[in-house]
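Numbering (numbering that gives the first Met the number 0), first residue to last: 0 to 319.
Here a beta-carbon is modelled for each residue, glycine too, at the ideal position from N, C-alpha and C.
Let me begin by presenting the structure, written as structure tokens, before commenting on it.
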Amino acid sequence: MPLNFEAILMDAPVPMMVLDRQLHFVTANDAYLTMVSKAKADLIGRYVFDVFPEEPDRVEAMVEIFQKVFEGERPVFKEIPFTIARDGKLVEHWWTASHAPVPGADGSIKYLVQYSENVTEQVHLRELKDAMLGEMQHRIGNFFAVVGAIGRQVARSAADVPDFMDRFNSRLESFFTIQKQLMPGSEQRDGLQSVIDEQLKVYAASAHDRIVKFGPDVPLSPVEAQAVSMAVHELSTNSLKYGAIRNPDGKLDISWAVDSQDTVTLTWQETGVSGSDGPEQTGYGTMLLTTILPRQLHGVGTRHFDGDTFRYELTINRPD
């Protein structure tokens, strides 16, 4: 009995699609349709970059790869960024794909088949690991400044030297515990408020009466908890050095909300920020808050300064 190759392709667990020489979709299996959140009717007969619009330089690079297949090569591209629209949002994914030429009845190459793998999670985990290593170097640079700030904060309310030593040592123990929790592989609390509370009990223990927190119960995945913890750690450290936590008259408002599409928005707003100690200077901390961590969370991080007020917003998008 002859093999039904189309049935084999359709049932294959690996995402696969076929293009003709004009780069129009010929077919795609169920695994591919699930991966790109499309129906077959959305693809068949359409130009691949009409279905998946991309930046011109990315299109040019991928067309070059496809042309090599029609010349008989079997190129592989690894971890190529590609944008997919899901639920009205553009979400960047990372792909690794292998290609093979498919000859027609006359022996000439008529089609190409692509075997795809969505490696977005692996890429983000590696980037998060790299971010943690960079953040660790950044944190070491701030270490002595933070210890000194904790000491000054405790000294304001200590009754005497023994009282100061007891409270200072307790804060240092909590401080070192937080450092361990920020390392890869550490246990993370699974709720947004728990992540925030863990950081604030170290950096803002003497300022709890000047802090307002409000938001619903939001569970976090391990990757989300690690990234949010790093963001709150950076914000808390900065606030202790030259923000609302340091200033006895400063106030800190932390709120978070979830919209109908399960997008979480975390807002951190301080009043009483020093204008002379450099909070607006850019460096690794700024990159961490506005680029590295938002990328792990498929979101956006923004910082705004207005006089003595600092506001940071972080969104967490959760692709299906």
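For ASN117, the three-state secondary structure derived from DSSP is strand. According to the DSSP assignment, GLU233 belongs to the alpha helix (DSSP H) that extends over 221-241. As far as DSSP is concerned, PHE48 takes part in no beta bridge.
For VAL58, the enclosing alpha helix (DSSP H) has its first and last residue at 55-69.
Each of PHE76, VAL122, VAL50 and HIS98 was checked against the Cα of ILE83, and the nearest Cα belongs to VAL50. By the neighbour-count definition (other C-beta atoms within 10 Å, threshold 16), ALA203 is a buried residue. By the Cβ criterion, the region 240-255 is in contact with the region 192-212, since at least three pairs of Cβ atoms, one from each stretch, lie closer than 8 Å.
One thing to note: THR270 has its Cβ within 8 Å of the Cβ of GLY249. The C-beta distance from PHE81 to GLU53 rounds to 7 Å, short enough to fall under 8 Å. Here the alpha carbon of TYR311 sits roughly 41 Å from the alpha carbon of VAL13.
Between VAL35 and THR26, the gap from beta carbon to beta carbon reaches 8 Å or more. Contact between SER238 and GLN198 does not hold, since the beta-carbon distance rounds to 10 Å and is not under 8 Å. Inter-residue distance for VAL231 and ILE195 is about 6 Å (C-alpha atoms, whole angstroms). By the CB criterion at 8 Å, TRP94 and VAL68 fall outside the cutoff.
Distance from the CA atom of GLY71 to the CA atom of LYS37, rounded to whole angstroms, is 29 Å. Taking the Cβ atoms as the reference, LEU288 lies roughly 11 Å from ALA226, outside the contact range of under 8 Å. With contacts defined as CB atoms closer than 8 Å, VAL272 and GLY242 qualify as a contacting pair.
Closest by C-alpha distance to ASN28, out of MET9, LEU22 and ILE244, is MET9.
By alpha-carbon distance to PRO221, the top candidate from GLU120, ALA99 and ILE244 is GLU120. In the structure shown, ARG302 falls within a strand segment according to DSSP collapsed to helix, strand and coil. Annotation: ILE108 to PRO100 spans about 6 Å, alpha carbon to alpha carbon.
For MET15 against VAL112, the beta-carbon gap comes to about 6 Å, under 8 Å, which counts as contact.
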